[in-house]
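The structure appears right after this line, and notes come after that.
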Amino acid sequence: MDVAVLGTSTTSHALAAWCLRAEVSVRLYGDDANAVMDSVDAVQRRARGDSDAIDGTTGLEAAVGGADVVFDVTGREIDARRDLLADVEAQIGPETLLVVGDTYDRITAVAAGLRRPDRAVGIHVIDPAESQLVELVVAEQTTADTRDRAASLVESLDATPIVVRDTPGFATTRLDLATIAEAVRMVEDGVASVPAIDRALELGRDHPIGPLGLADRLGLDTVLSALESLALDLGGRFDPPDLLFEKVESGELGRQTGTGFYEWEQGERVGPAQPNPTVEARSAEPGER
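Residue numbers (this note's numbering): 1 to 289.
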């Protein structure tokens, strides 16, 4: 199987490395030759696999011609992305899958510019280095055959697909953001300390990282923006908590700035930041135990 990956972002690096680890050859495309060369190097380091299985190019036809699957993870605005995919469609075979990722736009809207939007499907790879889960996003135009072929593709790359509707946030992002928002409200309400709230899911539900630690890693500004976007589409249940606004306004953005819900040093958590609620117990009266 031949795969074309369009884009030179960290998302494209992760996706290309994921393919290489599954022994699938990759052609990586970008507009800038230096960015392409740097990306190929980054993918090879990340994949630790066959360095001959990836080629980089600034020629779109060279990247997508003869490909079985084209992943668009360019992160372009919707109009530019439609133009790119229209160019891609003119150079691929009738059976080539078009897989759109790294986008906040609806896959349905992106695919609308294609002559055959039925062969387009969205993808959200949770974290190719740490997770075996991939969301397949079914647009309004996606056929059952395209969905099933995309699911088989994901399985061939040693991952597990879940099929979701083309809706804001898909499944995993909505769950993550809902959990983060509630965890922040628990800090506001003094329900438990910051570490205790995270341990409730890390130890109690076997999550690799708690919601407040995850928010710090993602960046509190990124979390705030995503919640605001979902609130516009889905209503008040995703309204950002006041404490999150306060953190972002004060420049406490998480790991990137060294302070968020935790203090961070060299990318590692070193302890909770303020506010960090404590749960007080009353002092015993004389004679009580």
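Backbone N, C-alpha and C define an ideal beta-carbon position, used for all residues, glycine too.
Determine the direct distance from the alpha carbon of residue j to that of residue i, and round the result to whole angstroms.
i           : j           : result
residue 77  : residue 110 : 10 Å
residue 70  : residue 84  : 12 Å
residue 118 : residue 142 : 4 Å
residue 175 : residue 222 : 16 Å
residue 243 : residue 188 : 7 Å
residue 238 : residue 270 : 29 Å
For a test of the three-state rule: what should DSSP assign to residue i, helix, strand or coil?
i           : result
residue 213 : helix
residue 54  : strand
residue 170 : coil
residue 175 : helix
residue 102 : coil
residue 268 : strand
residue 283 : coil
residue 290 : Any property of residue 290 remains undetermined from this structure, which presents the chain solely from 1 to 289.
Among the residues of its own chain, which have a CB less than 8 Å from the CB of residue i, if the five just before and after it don't count?
i           : result
residue 172 : 124, 126, 133 and 135
residue 226 : 169, 173 and 177
residue 198 : 183, 209, 210, 211, 212 and 213
For residue i, which residues in the same chain have their Cβ closer than 7 Å to its Cβ, ignoring the five residues on either side in sequence?
i           : result
residue 267 : 255
Looking only at its own chain, which residues have a Cβ that is under 6 Å from the Cβ of residue i, when we skip the five neighbours before and after it?
i           : result
residue 5   : 12, 15, 16, 26, 28 and 71
residue 98  : 70, 119 and 120
residue 116 : none
Let's test the definition: count the other Cβ atoms within 10 Å of the Cβ of residue i and tell me whether it reaches 16, buried, or not, exposed.
i           : result
residue 30  : buried
residue 95  : exposed
residue 279 : exposed
residue 220 : buried
residue 260 : buried
Shorter than 8 Å, the distance from the beta carbon of residue i to the closest heavy atom of the ligand NAP, or not?
i          : result
residue 76 : In the structure shown, the ligand NAP is absent, as is every other ligand, since no ligand is present at all.
Does the stretch 100 to 116 come within contact of the stretch 154 to 164, defined as at least 3 CB pairs closer than 8 Å? no
Are at least three pairs of beta-carbons, each pair with one atom in the stretch 136 to 143 and one in the stretch 182 to 189, less than 8 Å apart? no
With a cut-off of 8 Å, do at least 3 Cβ pairs link the stretch 13 to 28 to the stretch 36 to 51? yes
Is there contact here, the stretch 190 to 204 with the stretch 231 to 251, by at least three beta-carbon pairs under 8 Å? no
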